[in-house]
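Undergrad:
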Amino acid sequence: MRSRFARVLLAAVVLTSVLAPAVFATPAAADPSVAIEYEGDRVTVASGPSQVIRGTADAPTGTEILVRVRSTGDTSPAFLKSESAVVTDDGTWAVAFNFSDIGAGGTIALTARFEDGSAETSVDGEIVACEGDCADSTPDATPTPIPEQTATPTRTDGADSPVAFGENIFLVNRGGVAAIPVSFTGDANAAVIVVGNETKVNYELDAVVRDEDGDGEAVLYVDTSLAGRGGETVSVSGGDTVDVRSETSLDAMLDPASYDVSLYAGTERDDPVDVGSLVVQEQSSQTPTSTPAEIDESDVASPDGDGLGPLALGGLVSGAFLVGGAALAAVLLRG
Numbered sequence: 007m008r009s010r011f012a013r014v015l016l017a018a019v020v021l022t023s024v025l026a027p028a029v030f031a032t033p034a035a036a037d038p039s040v041a042i043e044y045e046g047d048r049v050t051v052a053s054g055p056s057q058v059i060r061g062t063a064d065a066p067t068g069t070e071i072l073v074r075v076r077s078t079g080d081t082s083p084a085f086l087k088s089e090s091a092v093v094t095d096d097g098t099w100a101v102a103f104n105f106s107d108i109g110a111g112g113t114i115a116l117t118a119r120f121e122d123g124s125a126e127t128s129v130d131g132e133i134v135a136c137e138g139d140c141a142d143s144t145p146d147a148t149p150t151p152i153p154e155q156t157a158t159p160t161r162t163d164g165a166d167s168p169v170a171f172g173e174n175i176f177l178v179n180r181g182g183v184a185a186i187p188v189s190f191t192g193d194a195n196a197a198v199i200v201v202g203n204e205t206k207v208n209y210e211l212d213a214v215v216r217d218e219d220g221d222g223e224a225v226l227y228v229d230t231s232l233a234g235r236g237g238e239t240v241s242v243s244g245g246d247t248v249d250v251r252s253e254t255s256l257d258a259m260l261d262p263a264s265y266d267v268s269l270y271a272g273t274e275r276d277d278p279v280d281v282g283s284l285v286v287q288e289q290s291s292q293t294p295t296s297t298p299a300e301i302d303e304s305d306v307a308s309p310d311g312d313g314l315g316p317l318a319l320g321g322l323v324s325g326a327f328l329v330g331g332a333a334l335a336a337v338l339l340r341g
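According to this note's numbering, the sequence shown is numbered sequentially starting from 7.
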């Protein structure tokens, strides 16, 4: 009986050793990466049109790269520009921005990220004077055309604006709720927030947020699963109020994309005093890459007999006896 027990145990150990590499030694995939190319300690662009920003990415050809340029410091007028690039077959990407309306001497912050948010990089930059033909030639061999100008809302007022965003990039997974903080100064207690642009992205939300409790702050919450579908798309922080004046109707939840967000002082849409981007990204999901091995239990005696039974054999295959299993089998065989 012990001889049969030993044979069964040895077979289980050998089977487990064969299966172990597939279960425990699966090679990990390389992490995706994206980089912005530049010389020196920062990116330099001219105060002119067609200023090209280039980079590289460890990603398949055609992968979309979201590139954003935001004013920093005392740069005037304050702005946030965004555009999409795509990865070419040699792993490079490029996109052109128009800085003709921005004076030399301004500073900027650049960010490049994959559309799904799996990798991101940031770098500082500066705007220099446009001398001669300062417009770079647009790159060729790209899967999609690069625009000569980027139509992006521009913040018109200075830092003393009565209302402003607490931040300018609002990230949320598709189906989640995004938070858009707004600050109020002086006697200001109302602001218009416009999310999206019906002409550009087929969705637009126009809402008035009021700082009813007078604490100088309000947070607008946007539910991307209900946007445009007849539900309560927006809500607001306690003590404050929100009134939706118009919203585009949608058949499904908000698609993954970058949506412009514009802020207006008061209750009228005149000139935006601040701008931002609502980035709706696809929620990643992971699925198991290995499944338990199927064992023919007909070769193993039941617990009432002289064998190990399916429960014990299952413990062996699951790895409970991996450490020292071969040695244990050898000892049993000697018996």
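Just so it is clear, CB atoms sit at the ideal spot from N, CA and C, and this is done for glycine as well.
Keep in mind that this is a model prediction, so the values were computed, not measured.
Of the choices Glu210, Asp249, Ala41, Val207, whose alpha-carbon is the least far from that of Leu226?
TA: Counting from 1 along the sequence shown, the entry for residue 226 is found at position 220. Taking only the C-alpha atoms, the option nearest Leu226 is Asp249.
Undergrad: Would you kindly work out how many angstroms separate the C-alpha atoms of Ser56 and Ser106, rounded to a whole number?
TA: What you label residue 56 is simply residue 50 of the sequence shown in a count that begins at 1. What you label residue 106 is simply residue 100 of the sequence shown in a count that begins at 1. Each residue's alpha carbon lies about 9 Å from the other.
Undergrad: Would Val73 and Ala118 be called neighbours here (beta carbons separated by less than 8 Å)?
TA: In the sequence shown, the residue the question calls residue 73 occupies position 67. In the sequence shown, the residue the question calls residue 118 occupies position 112. Result yes, Cβ atoms of Val73 and Ala118 sit closer than 8 Å.
Undergrad: Is Val267 closer than 8 Å to Val285 when the C-beta atoms are compared?
TA: The residue you call residue 285 lines up with position 279 of the sequence shown. The residue you call residue 267 lines up with position 261 of the sequence shown. Against a cut-off of 8 Å, the Cβ pair of Val267 and Val285 comes out as no contact.
Undergrad: Look at the Cβ atom of Thr113, then the Cβ atom of Thr62, and state whether they are nearer than 8 Å.
TA: Taking the sequence shown and counting its residues from 1, one reaches residue 113 at position 107. Taking the sequence shown and counting its residues from 1, one reaches residue 62 at position 56. Not in contact: Thr113 and Thr62 (Cβ atoms no closer than 8 Å).
Undergrad: Val2 bridges to which residues according to DSSP?
TA: Outside the modelled stretch of the chain, which goes from 7 to 341, sits residue 2, for which no answer is possible.
Undergrad: Looking at the structure shown, is Thr69 part of a helix, part of a strand, or coil, going by DSSP?
TA: As a position in the sequence shown, residue 69 is number 63, starting the count at 1. In this structure, Thr69 counts as coil in the three-state DSSP scheme.
Undergrad: Assuming the contact rule is C-beta atoms closer than 8 Å, Val75 and Leu116 should be a hit. Round their C-beta distance to whole Å, please.
TA: Position 69 of the sequence shown, counted from the first residue, corresponds to residue 75. Position 110 of the sequence shown, counted from the first residue, corresponds to residue 116. With a Cβ gap of about 5 Å, Val75 and Leu116 count as contacting.
Undergrad: Near Thr273, which residues of its chain fall below 7 Å by C-beta distance, leaving aside the five closest residues on each side in sequence?
TA: The residue labelled residue 273 in the question sits at position 267 within the sequence shown. Here the set comprises Ala196, Val198, Val214.
Undergrad: Could you check where the alpha helix (DSSP H) with Thr205 kicks off and where it finishes?
TA: Taking the first residue of the sequence shown as position 1, residue 205 is located at position 199. Residues 204-207.
Undergrad: Please classify Asn174 as buried or exposed, where buried requires at least 16 neighbouring CB atoms within 10 angstroms.
TA: The residue labelled residue 174 in the question sits at position 168 within the sequence shown. Counting Cβ neighbours within 10 Å, Asn174 comes out buried, since at least 16 surround it.
Undergrad: In the DSSP output, which residue or residues are listed as bridge partners for Leu211?
TA: In the sequence shown, counting from the first residue as 1, residue 211 sits at position 205. Its beta-bridge partners are Val201, Glu253.
Undergrad: For Asp122 and Ala65, what's the separation of their Cα atoms in angstroms?
TA: Numbered from 1 along the sequence shown, position 116 holds the residue referred to as residue 122. Numbered from 1 along the sequence shown, position 59 holds the residue referred to as residue 65. Each residue's Cα considered, the two are about 12 Å apart.
Undergrad: Let me know if Lys87 comes out buried or exposed under the rule of 16 or more other beta-carbons within 10 Å of its beta-carbon.
TA: Translated into positions along the sequence shown, residue 87 becomes position 81. Flag for Lys87 reads buried.
Undergrad: State yes or no: is the C-beta of Val228 within less than 8 Å of the C-beta of Ile186?
TA: Counting from 1 along the sequence shown, the entry for residue 228 is found at position 222. Counting from 1 along the sequence shown, the entry for residue 186 is found at position 180. Going by C-beta atoms, Val228 is nearer than 8 Å to Ile186.
Undergrad: Buried or exposed: which applies to Thr208, given that a residue is buried once 16 or more other Cβ atoms fall within 10 Å of its Cβ?
TA: By 1-based counting over the sequence shown, the position of residue 208 is 202. A quick correction: the sequence has Asn, not Thr, at residue 208. Asn208 comes out exposed.
Undergrad: According to DSSP, is Tyr227 helix, strand or coil?
TA: In the sequence shown, counting from the first residue as 1, residue 227 sits at position 221. Three-state result, Tyr227: strand.
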